[in-house]
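The structure under discussion appears below in the form of structure tokens.
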Amino acid sequence: MPRKAFIHDLHEASKPGRFLALTNVKSGEDDGTLSCSLILSEDPRQSVDLEFMVTDISLYPKEHEFFIYTTSEDVPQYVSEMLGQAQQAISRLEIPDMLSQLSYMFQKNVEPEDGGQSDLDGDLLLYDGEDSVCSGIEDAIPDLDDDEYHWSPVPQQTQPTGLDIITEEIQDSDELLCKISEDLKTAKQAGFRVGYLGNKLCPIVSVSCRISKLGISEDAMKAWHIKEAQYLVCLIRYIGKYQSLENLLLEDELAGKSSVEVRVGICNVYKPSISTALQMFDQVGQDAKSCIAISGNGPTNNDDIVYSFISGPLNALFNERFIKILRYRHNFGQTWSGAERFFNESQGKPVGSSDPISHVYQEPDISEEKAAMLPSTLSADHLLEKNGPGASFPLIAMQFTLRHFVRCTEFCLVCHCKTNDNYEALMPYVCSKSLCLFQYMTLGFGPSLEWEIMTQPYVVDLLVSFTYSSAIRHRLVDPPTGLGIMVPGGMHDANYKNLCSDAAESTANPHREVLFEVSFDELNKTINFAGSILNHRVCVGDWLVIIDEARYLHCRVTDTSCWPSVDISRPIKVSKSREAMAREIMPIPKLVKAAWYGQNFDDLSPKAQHQMIVSLLDTLPMVVEMKRYLMENSRGSQPTLSQWKDRISKSALDLLRWIVASNRSCIIQDDPDPTQDNINSAQPNDDRVGGVPGYMQFRFAQGAPDKEERFFKAVMAKNENCIQPHATIFAWHGSHISNWHGILREGLHFKDIVHGRAYGDGVYMSTSFATSAAYIGSNLGWSFGSPAETWPKSMLGVTGAISLNEVVNSPSEFVSTSPHLVVSQLDWIQTRYLFVRCSLNKETGLNRPSKSIPYYQQDPKYVALGPNYKTITIPLSAFSQKRRLALRMTAVNNPATGTPAKLSTKQDNVVASSSTKRAKLLIPQNQAAQGRSSTSGSANSHARVTPGYCTSNTPSQQTAGLFISDKPNHAETDGYLSDETDVDDRNIYIEADSIRSKQAQGNNPQLVPEGSGTKGKNKAQNETDFIPGALDPASLPMIAAPDNATPSATASLQRDLRGALRIQDNQPLADLGWYIDPNLVNNVYQWIVELHSFDPSLPLSKDMAKAGIKSVVLEIRFPQQYPMSPPFIRVIRPRFLGFQQGGGGHVTAGGALCMELLTNSGWSAASSIESVLLQIRLAISSTDPYPARLVPGQDARTGRVLEYGVAEAVEAYVRACNAHGWQIPADFHRESRASLAAEASSYKN
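Under the UniProt record's numbering, the first residue of the sequence shown carries the number 1, and numbering increases by one thereafter.
Shown next as structure tokens:
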């Protein structure tokens, strides 16, 4: 209930000390209102009273809007401005998250009037990064009475003052940062990549692992649409603040819910961007453009996270069950399997009905034999390895993610318990429990229909086409009963000639009145029920069909406020008559018949069920249109077709879900999109069967898992009894398209006699394509399905299908071998390919497989021939890796299609050619050996000290050593280059180590070395010849703050400057490599930065030493749109050799930096200045293609150091952007002109 949800959230938000800048949260005087006090940062003793009103409480907590106002007088101007900015940002957030967002916005952007000199404020503003990620929980609010919350609108106790809360938060922040650092370091040491996004104390934590390290087979990676080089990413979002494992478990035990959310996806880099991470948690504005995609379609940007094939079920498992399952493990010592079983068995039962310490809940999660075969990252269990408190929740969550991702076929996709089936599956499925099947089919739990549409739209098109044709011809023997599908009652169409001819057959109760006469205004999309007899009032969301002569118009009721006249959605026109479809809209209302979707599908006769299936499928849009809708509306949580309410009825959607879900075979489209031009000019397809032109190929990566297991056992049994070089043969089977719906679900069988059985009972097949193709039509002639039997919305336009089947090679036990192969043992037959004749593109399938791929050598006695009567080539991808190893299949090079195959009788292992090897960078053998001998998955197994990085043994340097293996161009044990670790992810460890060091020194004063009271920058004097503070202000082009400076940009720059100076104070200058003199910062819009202490081996260092130059002086000018627009950074002095003179280091001839990072094309608002300076220093230190060199003749000792001018730097920056196609910031020219004018004025003065 909306009001109860509002009261519940208000109760949660009213807890003292929850928000840093807000206190005294309580209920307002009116229903749907609340109030609180804003603590002013310039004087914590003063506050501003804020009032919040929900515009419509019935829309809470999903579609509501907040209205904010203040009842205080003399409100500071910046408070009013911030409230105006927050008005739009907090809409549709739940109360705790709305207040958290508002508190963070004030704490992040509001500055005291003294310019930030307060020590309290400097310590308080520890947050950096993107906007706050403290946003709403998507879980449904339990429907409880108000009293159950023990809620009272009047506070029961005196709340602490704002100053007390701030002081307490400051004291806790260091401890919290250390805990985050410790947890992430534990996950890092376990072999995972870790990072954080947004606010450090309220972060989105990212834990990831490269796919290549998970031991997933090539067959599974193809079926799951993932690649070896990608990362499996687990995102953990903390609501309010970061919490330890023990706090999360306690919160769940006391409150029944936890303040943490988890999302799982795929990314090309170890950590996704903040924008797509927020979208994964549905924390973006409603008008924001989505970056979320589906794996297989590819992300828009390299750091975008995409949904995987199992993200939906995994996210549901995490956010509905994981914390409770983890609590059972933690409290009762259960295994993962035992805790999951205990959760399911105790659901809805009284407390104590199950014994949590029973031996049934201690069953091993995985056998020791199987665990030994898995990578260490999959078999490790942090809860068992960690003794006592302090376990890392991010590491546990990632291990749980791997368990249900890599081993997904072992678990039911609805109840998430082990299926205990003895056969191996390629794709996960739903167990046989009736509740799981019901939730799967009717509620959309489990496998995602949307994922299938996004990744393989033409497979879905094919399945729907087969179902449509089967329903037309009454070949559908397993209709979707028991799902509660509601269909129009009393509907009958004589145009469906093969369907029921008696109207009484359309319903099991012919006396029930289901048709009504209404007035239909097609132009204005309204229906008037005046005079109609209805048993119930029409509701918004009801579906009905308008019967207008030869047209059937399906529509949804959208508004009933003007009853008996109702508004409807745009009608979906269905008709078998082209003339009726082309009929113009009638300008005036007319009387028509209307039928409600009020008839249960189960009550219909079999013939009427077939008619309704055809009718509902006629209302669906094309599959490619569904894909387009999902791609355009994939904002936040995984997109669903149920959101397309006015276009797809629930009945049609349930039918579509049943069609896709009831197919248990894993079918993969091997050919490219047939709608694209020049489809055969694409790269050769290594999974394509050679010699079958004109047909679109669909590969059965795996049949129904149970049947696949029986086939495997039959092949192995025959191979044991009679060792032969060819365990199986391949043969064709042709059948009318109306039969393929049943074949895909039941396999080939011979229950029905269609074309006679002249050669005995069994499945009829042939090694000749032409022979089997003769049976594609309804008669013995070469005729394909008629257009009337093809789904009219199909892009493929399927007119015929023929399968290539693998058969146990035991002809002596066949019923017949000539002129057809007749096999009665159904377990001896497994379909491997389906070739479909399409009206869409007749040229498909002409491209040949690569000549270098390994292919299967057929038995010369039974060679499968293609349409041109020549031998086809079958790639080894037709067989699973398990089959290839078990049968020791031989691979030979692919001959030209049509030539006799060269056969080999050797029983060698399969050797893939170079075209099928993993496309990755290989490690030299000596390095690979070292990698294998080291601890598997260890983060520092390849650790080494590089020049200029971590040259001493300080705590921060020891921490940074964890990331040596993550530096660019470092090869991991799987052969891939490691991604560079984000600077912010490194800094959180360094900052935590600094805090621990200070705490240790405070607790043990005798351990503090003499002279350690000076700051880090002074300690570094012995390690570098750089002298900080030596620049003469008179020699620098100092400018005043811009007149158009905005409060938000100023606040952001003040925060960033404090953060940079804090890092500078706590790190040795020699390691940091840059220095900002705070005395030279006249305004926050201009910083003077010195780069120093370069690697002595660099030519640049040698040139600087020769010239007596200690640093490279940079100027950073920030625009008024910062941080949305990048700063302009240039070299002031010394002058470098230009590119044309053989110089490098990314410094242009005018002194500007040639880096995409500093343009709109590469800039990110999440970038910190520290990370930007580090990347600039790396760019100047780069020797590719040439090292940076100084212009000869400069000498600081004689005062001859050449400088760059601002004008030439601006011109060089523009030239570089134009040359590389980078986007120049919108206001760059105006900002640069203003800066030049200000600089000229300062020189005149």
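Glycine included, every Cβ here is placed at the ideal spot set by N, Cα and C.
On a predicted model such as this, the values are computed, not experimentally measured, just so you know.
- Taking a 10 Å sphere around the C-beta of Thr1198, we find fewer than 16 other C-beta atoms and assign the residue as exposed.
- DSSP, read as helix, strand or coil, puts Leu604 in coil.
- Following the DSSP letters along the chain, one finds Glu385 in no beta strand (DSSP E) but inside the alpha helix (DSSP H) bounded by residues 382–385.
- If you ignore the 5 residues before and after Gln230, its C-beta comes within less than 7 angstroms of the C-beta of Ile211, Ile266, Cys267, Asn268, all in its own chain and listed in chain order.
- DSSP, read as helix, strand or coil, puts Gly1193 in coil.
- Excluding the 5 residues flanking it on each side, Leu245 has same chain C-beta neighbours closer than 6 angstroms at Ala391, Phe393, in chain order.
- DSSP places Ser311 in the helix class (H, G or I) of the three-state scheme.
- Per DSSP, the beta-bridge partners of Gly690 are Thr873.
- The continuous alpha helix (DSSP H) containing Ala1107 extends over residues 1099–1107.
- Under DSSP, Ala595 forms a beta bridge with Leu515, Val545.
- Exposure of Arg45 is indicated by the presence of fewer than 16 other C-beta atoms within 10 angstroms of its C-beta.
- Leu1137 and Glu1203 have their alpha carbons spaced roughly 12 angstroms apart.
- Looking from the CA of His8, the closest CA among Gly17, Ala1209, Ser27 belongs to Ser27.
- Using a 10 angstroms sphere on the CB of Phe309, the tally of other CB atoms reaches 16 or more, which defines it as buried.
- Between the alpha carbons of His474 and Glu789 lies a distance of about 12 angstroms.
- Apart from sequence neighbours up to five positions away, the residues of its chain that approach Ile204 with a beta-carbon distance below 6 angstroms are Val133, Leu197, Gly198, Leu235, Arg237, Ala277, ordered along the chain.
- Under the three-state reduction of DSSP output, Gln1121 falls in the coil class, being neither helix nor strand.
- Distance check between Gly762 and each of Glu1156, Glu813, Val1191 places Glu813 closest, using alpha-carbon atoms only.
- In this structure, the straight-line span from the alpha carbon of Ile1027 to that of Gly1144 is close to 26 angstroms.
- The three-state reading of DSSP puts Ala731 in strand, counting E and B together.
- If only complete runs of 3 or more residues are kept, the stretch 1042–1112 shows the beta strand (DSSP E) at 1074–1076, 1086–1091, in order along the chain.
- Taking C-beta atoms as the reference points, Pro364 and Thr409 fail to come closer than 8 angstroms.
- Ranked by Cα distance from Leu656, the options Ile547, Ile57, Leu1069, Met612 are led by Met612.
- Per the C-alpha coordinates, the member of Gly777, Asp1103, Ser1035, Gln1120 positioned closest to Ser469 is Gly777.
- Under the 10 Å beta carbon count, Leu384 is surrounded by fewer than 16 other beta carbons and is classified as exposed.
- Positions of the beta strand (DSSP E) runs, each at least 3 residues long and wholly inside the stretch 1174–1225, cannot be given because no such run exists.
- Membership of Gly195 in any alpha helix (DSSP H) is not indicated; the residue belongs instead to the beta strand (DSSP E) covering 193–197.
- A distance below 6 angstroms between beta-carbons, with the five flanking residues on each side excluded, links Ile1180 to the following residues of its chain, in chain order: Gly1145, Ala1188.
- Shown here, Ala701 sits in a strand according to DSSP, grouped into three states.
- Within the DSSP bridge table, the entry for Gln669 names Phe698 as partners.
- Closest in alpha carbon position to Ala1196, among Gly1108, Arg329, Val262, is Gly1108.
- The closest CA to that of Tyr833, considering only Ile802, Val1201, Asn719, is found on Ile802.
- Rounded to whole angstroms, the Cβ separation of Thr55 and Cys36 is 18 angstroms, and the two are not in contact under 8 angstroms.
- Per DSSP, reduced to three states, the secondary structure at Ile325 is helical.
- Counting C-beta pairs closer than 8 angstroms gives three or more between the stretch 660–672 and the stretch 693–712, which meets the contact rule.
- Around the beta carbon of Gln609, 16 or more other beta carbons lie within 10 angstroms, which makes this residue buried.
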